[in-house]
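FYI, the UniProt record's numbering numbers position 652 of the sequence shown as 652, with every residue one higher than the one before it.
Everything on this sheet refers to the single structure shown next.
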Amino acid sequence: MSQTSPDQPASRDAATYDVAAVQEKWLARWAELDPFAADDGAVARGEREKRYALTMFPYPSGDLHMGHAEVTALHDVLARYWWQRGYEVLNPMGWDSFGLPAENAAIRNDAHPADYTYGNIDTQFESFRQYAVSFDWSRRFNTSDPEYYRWTQWLFLKLREQGLAYRKKSPVNWCPHDQTVLANEQVVDGACERCGAEVTKRELTQWYFRTTAYAQELLDSLDDLQHTWSTKVVNAQRNWIGRSEGAHVDFALDLADGGERTVTVYTTRPDTLHGATFMVVAADAPLAAEVVAPEQREALAAYLEETRKASDIDRLATDRPKSGVPLGIEATNPVTGERIPVWASDYVLADYGTGAIMAVPAHDQRDLDFAKAFGLPVRRVVDTGEDNPEETYVATTGDGTYVNSGDLDGLSDKATGIARTVARLEADGLGSGAVNFRLRDWLLSRQRYWGAPIPIIHCPVDGEVAVPEEQLPVRLPELRGADLKPKGVSPLGAATDWVSVECPTCGGPAQRDTDTMDTFVDSSWYMFRYCSPHDDTQPFDRDLVNAWMPCDIYVGGDEHAVLHLLYARFFTKALRDLGLVDFDEPFSAYLSQGKVINGGRKMSKSLGNGVSLGSQLAEFGVDAVRLTLVFASPPEDDIDWADVSPAGSLRFLQRAWRLAGDVTSEVGADPAAGDEALRRVTHRTVHDAAGLVESHRFNVLVARTMELVNATRKAIDSGPGGADPAVREAVEAVAVLLSLVAPYTAEEMWEALGREASVARAGWPHVDEALLVEESVTAVVQVQGKVKARLEVAPDVSEADLEATAMAHPDVQRALAGKQVRKVVVRAPKLVNVVAG
1 MSQTSPDQPA SRDAATYDVA AVQEKWLARW AELDPFAADD GAVARGEREK
51 RYALTMFPYP SGDLHMGHAE VTALHDVLAR YWWQRGYEVL NPMGWDSFGL
101 PAENAAIRND AHPADYTYGN IDTQFESFRQ YAVSFDWSRR FNTSDPEYYR
151 WTQWLFLKLR EQGLAYRKKS PVNWCPHDQT VLANEQVVDG ACERCGAEVT
201 KRELTQWYFR TTAYAQELLD SLDDLQHTWS TKVVNAQRNW IGRSEGAHVD
251 FALDLADGGE RTVTVYTTRP DTLHGATFMV VAADAPLAAE VVAPEQREAL
301 AAYLEETRKA SDIDRLATDR PKSGVPLGIE ATNPVTGERI PVWASDYVLA
351 DYGTGAIMAV PAHDQRDLDF AKAFGLPVRR VVDTGEDNPE ETYVATTGDG
401 TYVNSGDLDG LSDKATGIAR TVARLEADGL GSGAVNFRLR DWLLSRQRYW
451 GAPIPIIHCP VDGEVAVPEE QLPVRLPELR GADLKPKGVS PLGAATDWVS
501 VECPTCGGPA QRDTDTMDTF VDSSWYMFRY CSPHDDTQPF DRDLVNAWMP
551 CDIYVGGDEH AVLHLLYARF FTKALRDLGL VDFDEPFSAY LSQGKVINGG
601 RKMSKSLGNG VSLGSQLAEF GVDAVRLTLV FASPPEDDID WADVSPAGSL
651 RFLQRAWRLA GDVTSEVGAD PAAGDEALRR VTHRTVHDAA GLVESHRFNV
701 LVARTMELVN ATRKAIDSGP GGADPAVREA VEAVAVLLSL VAPYTAEEMW
751 EALGREASVA RAGWPHVDEA LLVEESVTAV VQVQGKVKAR LEVAPDVSEA
801 DLEATAMAHP DVQRALAGKQ VRKVVVRAPK LVNVVAG
């Protein structure tokens, strides 16, 4: 490449310009101009309409990669567009610096998490600056900063005061590799979503957020979001929340000691109670140990050991052989009075309802497989017209006519059958209609070092005591030189000086909670902190949050379709109820981006198909990489790097850049006297570009900009050249459009055009509506499906006039010679189709 001074534009006669020099030049200029600093006052006072553009902040476990490059390039199109349209734009960036990704990376590199994490943050910051994303860097923070996690701890305590944070003992998901518990949402197909290790179960006392308190509202609010969020993400949330309607049914258990205990089960099909021939209790549910007959305790204990080795996904698999042990007791079916056996098995989960189900084997395949394995009775109560499952051992799950169902016999309407059964249960005091959710409370404790300490002190006298607000933050001890590798218990327990404290209530000896919070707690409220990131008196300024939020766009990947998005929505509703915010949802719109793959597969060092972002930037420059990623496909689709051409993107940018050097008309010259055909292309492109950005069709925006570059080059080469003020108008429009995607090139063009920097704040080009009106339209005339003529007609031509003109055309007359016209189809102003026979 040719070499030029960073302070001087390269020669337009050269084939290219020095990408590195241009980037260095404009990074320095932008640092002086600071064009993207959001003005809180202008928004708070209502002087300018706001837009809040947010992209998911990264884990600092290494330098930026192709995924970061894609998401920020897409995100920046919108943020820069909003600045050009005159909005005040909040576009912040920080780092999700606590949690397993950063900690595991530090351990792999034999470094302390703080040193490794903050070193990577500095590296990523410089990479982001070079990548020229329009972030307001004055709002930068890290979730591992004590100034941030002080307020994470404060919010935890506020949620606890409202009963939304609590501690309980229960079976939990355990990752043997990361040696920590996982929330249900962090288990994917039975494996840890972080490391892929198979997840098992452990009985531990852990902290939870009561997300189930908002289950119905989280579900209902999706009705509003479905218009601005992707269908895929909305459906993922609906399915995870998993609302179902049914009934709670009371079964009386006859215990071995002669006593009785009532157990309530949840079922979506109370109308099939006549077919409930046994009960099953989750082997790891407390209920099993409480009701088991003495002679079966040893068998249950042995079975429980085996149960704990299996993941929930394995336990629920329909093709898994069924196993279990009898508990040595019986229950009474509340509608038949029949005494039925009670078993323990692993195909029922402890955290589903009470951990017990009524088994209707004729109409549930897992129940039927269990009945077959242990010789338990099967009774059909719905005749679906299929073979009898008592004989085939194939459960029937469809609708049909009730049989063997008492007063329901002969009825064929399921809704009526359910309603009658629920009414009878309620009348007899043996049950009631109920709603259940798949959603479970969020398990937030982590037995790891690198996270926000849970601000609770455990006192033998006063129990769980909140750390007083004036003592926040509870800072992490440094533990320099300590072995932080996961061992199944928190490394913080070894910091005895840190753990041992006085009880804030009684002054006696007590101990800090040694678990840290899930990193998703940090990222559930960070969007609020960006509104007042340096406020040391409160987590965020309520007035500023209510002025800026909700976020107008949130850009990220589908891998967070359940986890992060659900948690952020829960936090927002909880903070609203605490009186801290005035809105219900954090993100008005969500744009989901695909992945960058290579050769049809996910990029991986082991596959040998990894692509280094740094090498691509060094070879082609920032603008070419950004343009390639935006142009490659719609945002939600994957981009295969093997199928794209950053070299081609660079050549296009050079063509666009050379246009600016060809403009010789003065700044402010009236384009009205120039090439009208070019002006029509320019104004149509600018007009359409706005709609393309707002509909997130960024790849089409690039294509239309390329067409405008070609039209402008043609006008220069075939007309009066760069002296035509219409050419200046077109090139200036190209510079503004490119500023959304290729900011370095756009700035170079803007400067060459004699304009003052920064083009990013130049304003959207004016569109003359008169130039959008087409003077003529090409109408195609077909005879027998073959094109015979093309007519130039007025856009508002009537169907009658268009038909008459078409039928009078000599070529159409020749095609119809000797034939009878059977039908003429007219689609004014573009088509006439003549059918002859």
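No residue lacks a Cβ here, since even glycine has one placed at the ideal position from N, Cα and C.
For residue i, which beta-bridge partners are listed by DSSP?
i       : result
Asn-833 : Gln-782, Val-825
Glu-330 : Asp-254, Pro-341
Ser-592 : Gly-556
Ala-359 : Phe-278
Arg-446 : Thr-516
Val-172 : Arg-202
Thr-267 : Ala-247
Ala-317 : DSSP, once it has assigned bridges, lists no residue as partnering Ala-317.
His-458 : Glu-464, Gln-511
Ile-639 : Val-596
Leu-563 : Partner(s): none; Leu-563 has no beta bridge.
Thr-262 : Ala-252
Please report the residue range of the alpha helix (DSSP H) in which residue i lies.
i           : result
Pro-509     : From DSSP, Pro-509 is part of no alpha helix (DSSP H) but of the beta strand (DSSP E) over 509-512.
Ala-44      : 40-44
Arg-697     : Note, Arg-697: premise wrong, no alpha helix (DSSP H); not H, not E.
Val-812     : 810-815
Glu-469     : No alpha helix (DSSP H) holds Glu-469; DSSP gives it neither H nor E.
residue 840 : No statement about residue 840 is possible, as the shown extent of the chain runs from 1 to 837 and does not include it.
Ser-615     : 613-620
Leu-155     : 146-161
Assuming residue i contacts residue j (C-beta within less than 8 angstroms), just tell me the rounded distance between them.
i       : j       : result
Val-281 : Gly-328 : Between Gly-328 and Val-281 the Cβ distance is about 12 angstroms, and since that is not below 8 angstroms, they are no contact.
Thr-401 : Gly-410 : 7 angstroms
Leu-444 : Phe-209 : 6 angstroms
Val-489 : Ile-357 : That belief does not hold up - the Cβ atoms of Val-489 and Ile-357 are roughly 34 angstroms apart, past 8 angstroms.
Arg-139 : Pro-533 : 5 angstroms
Gly-594 : Glu-636 : 6 angstroms
Leu-802 : Val-783 : 15 angstroms between Cβ atoms; not a contact.
Val-133 : Thr-212 : That pair is no contact at about 38 angstroms.
Determine the extent of the beta strand (DSSP E) in which residue i is found, giving its start and end residues.
i       : result
His-75  : Run containing His-75: none in the beta strand (DSSP E); it sits in the alpha helix (DSSP H), 66-84.
Arg-51  : 50-55
Glu-88  : 88-90
Val-465 : 463-466
Report the three-state DSSP secondary structure of residue i (helix, strand or coil).
i           : result
Glu-803     : helix
Leu-791     : strand
Phe-571     : helix
Leu-430     : coil
Asp-295     : Checking the displayed sequence, the identity of residue 295 turns out to be Glu instead of Asp. Glu-295: helix per DSSP, three-state reduction.
Glu-103     : helix
Arg-684     : helix
Lys-372     : helix
Val-19      : helix
Pro-453     : strand
Leu-753     : coil
Thr-745     : helix
Gly-406     : helix
Asp-351     : coil
Val-777     : strand
Phe-587     : strand
residue 846 : The structure shown does not extend to residue 846, since the chain spans only 1 to 837, so no value can be given for it.
Lys-819     : coil
Trp-764     : coil
Phe-209     : strand
Does the Cβ of residue i have 16 or more other Cβ atoms within 10 Å, making it buried, or fewer, making it exposed?
i       : result
Cys-531 : buried
Val-581 : buried
His-766 : exposed
Pro-270 : buried
Ser-615 : exposed
Lys-168 : exposed
Cys-195 : exposed
Gln-23  : buried
Thr-712 : buried
Asn-109 : exposed
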